[in-house]
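Novice: In the working numbering, the protein residues as written are 11 to 141.
Here a beta-carbon is modelled for each residue, glycine too, at the ideal position from N, C-alpha and C.
Owing to the predicted nature of the structure, the values given are computational and were not obtained by experimental measurement.
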């Protein structure tokens with residue numbers, strides 16, 4: 011199954027440190043990992059949330075494949091409109107989730123808010139991965 015994950019700068023840096031093969035552990039105040047089922051929803055979050063949030067004002071959409079059999083154990087949740095479909099993976103299961111990612115995590119969209127102060131080049135050519 012193809013899934014998407016909107017992320018900010020810090021989470022993307024940690025994904026890159028893994029060789030683009032896994033998502034970083036959740037913070038204590040983040041008990042759930044939320045991959046989403048469609049690119050449109052992921053773009054909406056990256057554009058309207060990450061790119062508008064301090065301190066970085068940048069958002070990215072990652073795309074990845076995950077083993078169908080494994081991911082089928084998670085119920086699809088609709089959390090708004092029809093496109094707002096996501097999975098709720100408990101933080102303590104993220105290590106196992108990462109083991110079922112097939113191939114590399116890719117960056118497919120990049121959004122920079124009006125308050126973005128950095129150089130896009132500082133992000134190690136991440137923007138070159140965007141459509």
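Taking 8 angstroms as the cut-off, decide whether the C-beta atoms of residue 48 and residue 95 are in contact.
Specialist: yes
Novice: So, under 8 angstroms CB-CB, residue 6 and residue 72 are touching, yes? Tell me the CB distance rounded to an integer number of Å.
Specialist: The first residue shown for the chain is 11 and the last is 141, placing residue 6 beyond what the model contains.
Novice: If you draw a straight line from the alpha carbon of residue 42 to that of residue 29, how long is it in whole angstroms?
Specialist: 23 angstroms
Novice: Starting from the Cα of residue 58, find the closest Cα among 18, 23, 33, 78 and give me that residue.
Specialist: 18
Novice: Rounded to whole angstroms, what is the Cα-Cα separation between residue 60 and residue 70?
Specialist: 8 angstroms
Novice: So, is residue 46 buried or exposed, given that buried needs 16 or more other C-beta atoms within 10 angstroms?
Specialist: buried
Novice: DSSP three-state label for residue 101, please.
Specialist: helix
Novice: Rounded to a whole number of angstroms, what is the C-alpha to C-alpha distance between residue 68 and residue 15?
Specialist: 14 angstroms
Novice: Would you kindly work out how many angstroms separate the C-alpha atoms of residue 78 and residue 113, rounded to a whole number?
Specialist: 14 angstroms
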